[in-house]
Amino acid sequence: MDLEANRSLIAAALTRIAAGDRAALQTVYRLTSAKLFGVALRILGERGEAEDALQEVYVTVWRKAADFDAGRASPMTWLIAIARNKAIDRLRASRRSRRAEPIEAASDLSDDAPGAESALASTQDHTRLHGCLRELAAREQAALRGAFFDGNTYEELAERMKVPLGTMKSWIRRAMIKLKACLER
Amino acid sequence: MSDATDHNGLPRENLLEDELLAAEYALGVLAGAERDAAERRVARDGAFARMVEAWDERLAPWAADIEEMPAPPQVWGAIVEALPLAPQRASLWENLALWRSLAVAAGALAACCIGVIVYLAVQPPGAPLMASIDGGGRHHFVATIDPRRATVAVAPANYSADPARVPELWLIPADGKPHALGLLRADQSVTITIPAALLPHLNHAATLAVSLEPPGGSPTGAPTGPVIGAGKLTNL
Numbered sequence: 011m012d013l014e015a016n017r018s019l020i021a022a023a024l025t026r027i028a029a030g031d032r033a034a035l036q037t038v039y040r041l042t043s044a045k046l047f048g049v050a051l052r053i054l055g056e057r058g059e060a061e062d063a064l065q066e067v068y069v070t071v072w073r074k075a076a077d078f079d080a081g082r083a084s085p086m087t088w089l090i091a092i093a094r095n096k097a098i099d100r101l102r103a104s105r106r107s108r109r110a111e112p113i114e115a116a117s118d119l120s121d122d123a124p125g126a127e128s129a130l131a132s133t134q135d136h137t138r139l140h141g142c143l144r145e146l147a148a149r150e151q152a153a154l155r156g157a158f159f160d161g162n163t164y165e166e167l168a169e170r171m172k173v174p175l176g177t178m179k180s181w182i183r184r185a186m187i188k189l190k191a192c193l194e195r
Numbered sequence: 002m003s004d005a006t007d008h009n010g011l012p013r014e015n016l017l018e019d020e021l022l023a024a025e026y027a028l029g030v031l032a033g034a035e036r037d038a039a040e041r042r043v044a045r046d047g048a049f050a051r052m053v054e055a056w057d058e059r060l061a062p063w064a065a066d067i068e069e070m071p072a073p074p075q076v077w078g079a080i081v082e083a084l085p086l087a088p089q090r091a092s093l094w095e096n097l098a099l100w101r102s103l104a105v106a107a108g109a110l111a112a113c114c115i116g117v118i119v120y121l122a123v124q125p126p127g128a129p130l131m132a133s134i135d136g137g138g139r140h141h142f143v144a145t146i147d148p149r150r151a152t153v154a155v156a157p158a159n160y161s162a163d164p165a166r167v168p169e170l171w172l173i174p175a176d177g178k179p180h181a182l183g184l185l186r187a188d189q190s191v192t193i194t195i196p197a198a199l200l201p202h203l204n205h206a207a208t209l210a211v212s213l214e215p216p217g218g219s220p221t222g223a224p225t226g227p228v229i230g231a232g233k234l235t236n237l
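Note that the protein sequences, when read in sequence, are chains S and B. If you count the first sequence from 1, position 170 lands on 180 in this note's numbering, and the numbers rise without skipping. If you count the second sequence from 1, position 171 lands on 172 in this note's numbering, and the numbers rise without skipping.
Below, the structure is given as C-alpha cells:
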C-alpha cells in the first residue's frame with residue numbers, strides 16, 4: 011500500500027475524526043492498520059498482545075485526533091509514534107522483554123537494507139536515515155536497532171551487548187547526537 | 002549562531018539534556034519512573050513536546066523496514082466497542098466556556114423550537130444547513146449555509162485569536178479532500194460565497210473545518226496548520 015500517496019487522505023480523515031466521524035476513523039484504520047500492527051507485533055512479539063495494543067492505538071487516535079497538526083507532523087509519523095509508545099507501554103507493563111538474546115555489535119547488518127516490499131522504503135527520508143545510520147559505529151547501530159525494533163530499555167541493551175549501563179547510555183546518547191547532526195546536514 | 006548555542010556552537014547544557022531526554026523518550030529506551038516523567042513532560046511542556054515530535058519525525062522512516070501485517074478482523078470490532086461517544090469528551094465536561102455557549106445556545110434553541118418543527122415538515126430543496134464547528138469547547142464557530150444564494154455565514158461563538166495565524170474555513174466533502182472557502186475573523190461574522198463547483202457537496206456527508214494558517218491563508222491550497230474545530234453539516 012502506498013502510504014505516502016495516501017498522506018493527504020489520512021490527514022483529512024484525522025480532521026474529520028476530530029469532529030466525531032466514525033467513518034473517518036475506519037478510513038484511517040483501513041489505510042494504516044497493517045503497518046501499525048506490524049510495528050506493534052515487532053515490538054511485542056506476540057499476536058494477542060499486538061492486537062490489544064492496536065486497539066489502544068486507534069482509541070487513542072479517536073481521542074487525540076484534534077491534537078494532530080498537519081503543519082508540523084506527517085500523519086504516518088504521528089500514527090507510528092502512537093503505535094510504538096502503546097506497544098512499549100504494554101511491553102514495560104508485562105515486565106518482560108521478548109528480545110533478550112545477545113547482540114553482537116559486529117554482526118552482519120545487511121538485513122538493515124530497505125525492504126523492497128515496502129512503499130515507504132523508497133522515500134527520500136528513509137534513504138537519508140539509512141545513510142546516516144551507516145555513518146555510526148556498528149555497536150551504536152546495533153544498540154539503536156535493539157531500541158527501535160525490539161523496544162529494549164537501556165538496561166536490556168546493556169545486558170544484550172554485555173557492557174555496563176553507563177557505557178550503553180553514552181553510546182546511545184552519542185549516536186543520537188551524531189544522527190541528528192547528520193540528518194540536519 | 003543562535004542563543005541556544007555556546008561560543009563553540011555546541012548546544013548549551015540544559016538544552017542538550019532536554020534534547021537527549023527527548024531522543025531517549027522517542028527511541029523508547031527509558032523505563033519506569035523516567036519514562037513516566039518524560040511522558041508527563043510531553044503533556045505540559047510544549048517546547049519539549051516539539052523536540053520529541055522532531056525525533057519521531059527523524060526515526061519514523063525506519064518503520065518502513067517493518068513488514069506490514071494485516072490485523073485480524075475482530076480488532077476493528079473491539080475498537081468500535083471501546084470508543085467513547087465523541088473525541089475529547091473529558092475535556093468538554095471540564096470546559097467552562099463551552100458550558101456558557103451551550104447555555105446561550107439552549108436559550109436560542111428554545112426560542113426557535115416551534116418554528117423548526119413546522120419548518121422541518123415542509124422543508125424545500127436547497128434548504129439552509131448549519132454546522133457547529135467545535136474544537137472541544139476552546140474554539141467554536143457556528144456556520145449557516147444558504148445553498149440557494151451559495152453563501153456560508155460564519156460567526157465566532159468562542160475563539161481566542163492567534164497572534165501569528167488566521168482562521169481559514171474548509172469544506173470537506175465525503176471524499177475527504179478539503180476545499181478552501183475563505184478566511185474568518187475573530188471579532189465578527191463573515192459571509193463567504195461558495196464556489197459553484199462545490200455546491201453539489203453541500204449535504205450531510207460534508208464537514209466544515211477551521212484551521213490556523215499564515216496571514217493570507219494556506220499557501221498550498223490544503224490545510225497546513227492545526228485544525229482547531231470541525232463539524233458536520235446538518236439541517237438548520
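Where a beta carbon is used, it is the ideal one built from N, C-alpha and C, also for glycine.
Query raised in the report: Name the DSSP bridge partner or partners of Gly230/B?
Result: Val211/B
Query raised in the report: DSSP state of Asn162/S, grouped into three classes?
Result: coil
Requested in this report: Use the C-beta contact count for Asn236/B: other C-beta atoms within 10 angstroms, 16 or more gives buried, fewer gives exposed.
Outcome: exposed
Query raised in the report: Should Pro224/B be flagged as near chain S, meaning a C-beta pair shorter than 8 Å?
Result: yes
Query raised in the report: How long is the line joining the alpha carbons of Ala157/S and Leu175/S, rounded to whole angstroms?
Result: 14 Å
Query raised in the report: Hey, which unbroken runs of the alpha helix (DSSP H) at 4 residues or more fall wholly within the segment 145–232 of chain B?
Result: none
Report task. Could you check what DSSP says for Gln124/B in three-state terms: helix, strand or coil? Result -> Because the pLDDT of Gln124/B is 41, which lies under 50, any placement of that residue in the model is unreliable, and the question is left without a value.
Query raised in the report: Nearest CA to the CA of Glu169/B: which residue from Pro201/B, Gly47/B, Ala210/B and Gly177/B?
Result: Ala210/B
Requested in this report: State the DSSP-derived secondary structure class of Phe47/S, mapped to helix, strand or coil.
Outcome: helix
Query - Tyr26/B versus Ala39/B - alpha carbon distance - result: 7 Å
Query raised in the report: Closer than 8 Å, CB to CB, is Arg45/B near chain S or not?
Result: no
Report task. Can you tell me which of the three DSSP states Asp135/B falls into? Result -> strand
Report task. Determine whether the Cβ of Ile182/S lies closer than 8 Å to any Cβ atom of chain B. Result -> yes
Requested in this report: Kindly list the residues whose CB is nearer than 6 Å to the CB of Ala80/S, restricted to its own chain and excluding five residues on each side of it in sequence; keep chain order.
Outcome: Ala21
Report task. With DSSP as the reference, label Thr42/S as helix, strand or coil. Result -> helix
Requested in this report: Count the other CB atoms, across all protein chains shown, that sit within 10 Å of the CB of Gln189/B; report buried if there are 16 or more and exposed otherwise.
Outcome: exposed
Query raised in the report: Can you tell me the Cα-Cα spacing of Arg170/S and Ala29/S, whole angstroms?
Result: 46 Å
Query raised in the report: From Arg52/S, Arg100/S and Ile53/S, pick the residue whose C-alpha is nearest to that of Gly33/B; which is it?
Result: Arg100/S
Query raised in the report: Under 8 Å between C-beta atoms, does Arg36/B make it to chain S?
Result: yes
**Report entry** Opening and closing residue of the alpha helix (DSSP H) in which Asn95/S lies
**Finding:** Pro85 to Ala103
Query raised in the report: In chain S, which residues lie with their C-beta within 8 Å of the C-beta of Gly136/B?
Result: Ala28 and Ala76
Query raised in the report: Taking the Cβ atom as the reference point for each residue, do Asn204/B and Leu234/B lie within a distance shorter than 8 Å?
Result: yes
Query raised in the report: Quick one: Cα of Glu66/S to Cα of Ile80/B, how far?
Result: 8 Å
Query raised in the report: Can you tell me whether Ser104/S is buried or exposed, with buried defined as 16 or more other CB within 10 angstroms of its CB?
Result: exposed
**Report entry** Rounded straight-line distance, which links the Cα of Gly29/B to that of Asn95/S
**Finding:** 8 Å
Query - Between the CA atoms of Ala93/S and Thr37/S - distance to the nearest angstrom - result: 17 Å
Report task. Please list the partners that Gln65/S has in chain B, where partner means a Cβ-to-Cβ separation under 7 Å. Result -> Val76, Ala79, Ile80 and Ala83
Query - Touching by the beta-carbon criterion (3+ pairs, under 8 Å), the segment 192–208 of chain B and the segment 152–166 of chain B - result: yes
Query raised in the report: Is any heavy atom of the ligand NAP found at a distance shorter than 7 Å from the C-beta of Met52/B?
Result: Among the components of this structure there are no ligands whatsoever, and the ligand NAP is therefore not found.
Query raised in the report: Is the beta carbon of Val49/S sitting closer than 8 Å to the one on Leu84/B?
Result: no
Query raised in the report: Shorter than 8 Å from the beta carbon of Pro168/B to some beta carbon of chain S?
Result: no
Requested in this report: Closer than 7 Å, Cβ to Cβ, to anything on chain B: give me those residues from the segment 45–64 of chain S, in chain order.
Outcome: Lys45, Phe47, Gly48, Val49, Leu51, Arg52, Glu61 and Leu64
**Report entry** His141/B, DSSP secondary structure in three states
**Finding:** strand
Report task. Tell me whether Thr221/B is buried or exposed, calling it buried when 16 or more other Cβ atoms sit within 10 Å of its Cβ. Result -> exposed
Query raised in the report: Does DSSP put Ile236/B in a helix, in a strand, or in coil?
Result: Contrary to the premise, residue 236/B reads as Asn rather than Ile in this sequence. The answer is strand: DSSP assigns Asn236/B an E or B state.
Query raised in the report: Of all Cβ atoms in chain S, is any one closer than 8 Å to the Cβ of Ala128/B?
Result: no
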